[in-house]
Amino acid sequence: ISGHAEIPVITRDMGPIFAGTNVTNIDSKLANRQAENTLLTAEQFATLAYLLGAPYPFEAMDHAWGQILFNSHHDAITGTEGDQVYLDLSFGWREAYELARGVLERSLLTIGKVIDTERIEGTPLAVFNSLSWPRDDIVTFELAFPQNKVKGIKILDPEGRAVPYQADDYLRNKNGDIRWLKASFIGEQIPPMGYRVFQVVPLSDGGLVLPREQEITPSTQQIILQNQFYEITIDPSRGGGIVSLLDKESG
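Heads up: the sequence shown at position 47 corresponds to 225 in my numbering, and the numbers run straight through without jumps.
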């Protein structure tokens with residue numbers, strides 16, 4: 179054979195015989211599920227916003243669903259494609275997600291404008307639930323403080339009770355005041371297809387609740403992580419491996 183042969187380069191997982199056939203492309207499944215779930219949620223809240231007077235985004239929703247349905251072909255969503263096809267599919271999932279995200283944000287903004295927040299002391303924070311049952315889940319928000327003398331915050335639920343939170347990230351002014359904050363808390367009993375309004379109250383004294391840092395070494399004793407469902411025991415001397423997993427309901 180004269181000359182040099184151009185050998186294709188496959189950068190993702192591949193079968194040893196037929197390139198691009200025995201593959202999974204797990205990123206495809208993740209992208210599809212994220213776009214699909216976001217689009218379903220956008221449909222729900224766009225319908226509620228429509229009932230409040232907003233125009234329904236027919237064109238955006240139709241195009242987004244078209245992208246998802248096209249990518250659901252058995253030679254696409256299954257992951258049996260080479261690099262170039264994977265990239266082409268990724269553009270479709272990204273467009274569907276961005277369209278759905280835009281519809282969702284505009285719909286929630288429409289709904290938020292009719293929520294009564296006149297008697298709220300701080301900054302209102304509406305937490306929505308797109309599921310058909312009450313939900314407890316982690317709520318993460320970002321908030322800027324253009325005013326000075328903000329040293330910390332407190333979060334109150336609709337009944338005025340303090341809610342524990344954790345500051346994930348923050349920025350300070352030169353004088354030490356907080357000018358931007360990212361924090362998380364547990365939003366409890368958010369009603370099905372509804373919302374609860376919390377409030378973030380800036381404080382001129384005190385400080386932020388920061389995550390506790392713990393130095394973990396091979397000599398550290400076993401660490402227990404738990405919620406209302408499971409209790410997991412981790413052993414640092416075994417490289418952080420799980421040594422016990424307890425289902426609290428079944429024991």
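C-beta atoms are modelled at their ideal positions from N, C-alpha and C, and glycine is treated no differently.
- The beta carbon of ALA340 sits closer than 8 Å to those of LYS332, ILE333, LEU334, all from its chain and outside the five residues before and after it, given in chain order.
- Residue pairing from DSSP places ASN307 in a beta bridge opposite GLY372.
- Between TRP271 and ASN249 the beta-carbon gap is near 6 Å, inside 8 Å, which marks them as a contact.
- Just measuring C-alpha positions, the residue of ALA238, PHE236, GLY244, VAL263 sitting nearest ASP205 is VAL263.
- Per DSSP, reduced to three states, the secondary structure at ALA232 is coil, with no helix or strand assignment.
- 9 Å or more divides the Cβ of ALA322 from the Cβ of GLN344.
- For the alpha helix (DSSP H) assignment, the uninterrupted runs of no fewer than 4 residues enclosed by the stretch 199–265 are, from N- to C-terminal side, 204–229, 236–249.
- Here TRP358 is bridged, per DSSP, to ALA322, LEU349.
- With a cut-off of 8 Å on Cβ pairs, the stretch 266–284 is in contact with the stretch 205–223, counting three or more such pairs.
- DSSP, read as helix, strand or coil, puts PRO380 in strand.
- C-alpha of LEU247 to C-alpha of THR395: approximately 49 Å in a straight line.
- For LEU403, the enclosing beta strand (DSSP E) starts and ends at 401–404.
- Cα atoms of LYS329 and GLU320: separation of roughly 16 Å, rounded to the nearest angstrom.
- The residues THR295, VAL375, GLN377, in chain order, have a CB closer than 6 Å to that of PRO302 in the same chain once the five nearest residues on each side in sequence are set aside.
- Excluding five sequence positions before and after TRP358, the CB atoms of its chain that fall closer than 8 Å to its own CB belong to GLU320, LEU321, ALA322, PHE323, TYR348, LEU349, given in chain order.
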